[in-house]
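Student: For reference, the structure I am asking about is given below.
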Amino acid sequence: MQKHIRTRDMLELASDIARLLNLWAIPKEQFRSLMYYIAEQGNTSDEAQFLQNIATKATDYREDIMTIAEQLEAKGIQLGRQEGIQLGEQKGRQEGEKLASLKIAQNMLSSV
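When you line the sequence shown up against our numbering, it's residues 10 to 121, in that order.
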């Protein structure tokens with residue numbers, strides 16, 4: 010798998026991965042590690058579709074795949090919130106600096 014992790018789109022390999030999982034069963038913990046590795050390090054145009062393709066073809070792992078998908082979704086939501094907070098803080102600082110500059114300019118004009 011490490012050999013193919015830089016493939017342009019791992020979605021292209023989903024069927025092959027599912028076929029291999031059906032041929033050679035691996036322990037669930039190892040399977041989860043593999044899926045997280047692919048999701049975090051691999052290039053895929055659509056993580057949800059990638060996981061769905063594997064879940065459809067490697068039915069023994071369907072429950073684990075859905076759990077992984079839910080966890081990745083929660084992680085994405087959390088990252089989105091953090092980004093939103095950072096952007097909000099940045100915008101707040103910019104507006105605060107602008108107001109402070111305007112106040113300084115008004116004070117300078119009123120003292121002239």
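From the three backbone atoms N, C-alpha and C, an ideal C-beta is built for every residue, glycine too.
Fair warning: this is a prediction, and the values are worked out from it, not measured in the lab.
(1) Which whole runs of the beta strand (DSSP E) in the stretch 17-54 are 3 residues long or more, in chain order?
(2) Near D73, what residues of its chain come up, given a Cβ to Cβ distance below 7 Å and the 5 sequence neighbours on each side ignored?
(3) Can you check whether the CB of M19 is closer than 8 Å to the CB of N52?
(4) Note the first and the last residue of the continuous alpha helix (DSSP H) segment covering A67.
(5) Put S146 into one of helix, strand or coil per three-state DSSP.
(6) Answer yes or no: do L60 and A83 have a C-beta to C-beta separation smaller than 8 Å?
Tutor: In short, the structure shows the following:
(1) Taking 3 residues as the minimum length, the stretch 17-54 contains no beta strand (DSSP E) run wholly inside it.
(2) K37, F40 and R41
(3) yes
(4) Premise fails: A67 is in no alpha helix (DSSP H) and is neither H nor E.
(5) A question about residue 146 goes unanswered here, because the residues of the chain that appear run from 10 up to 121.
(6) Taking 8 Å as the Cβ cut-off, L60 and A83 do not qualify as a contacting pair.
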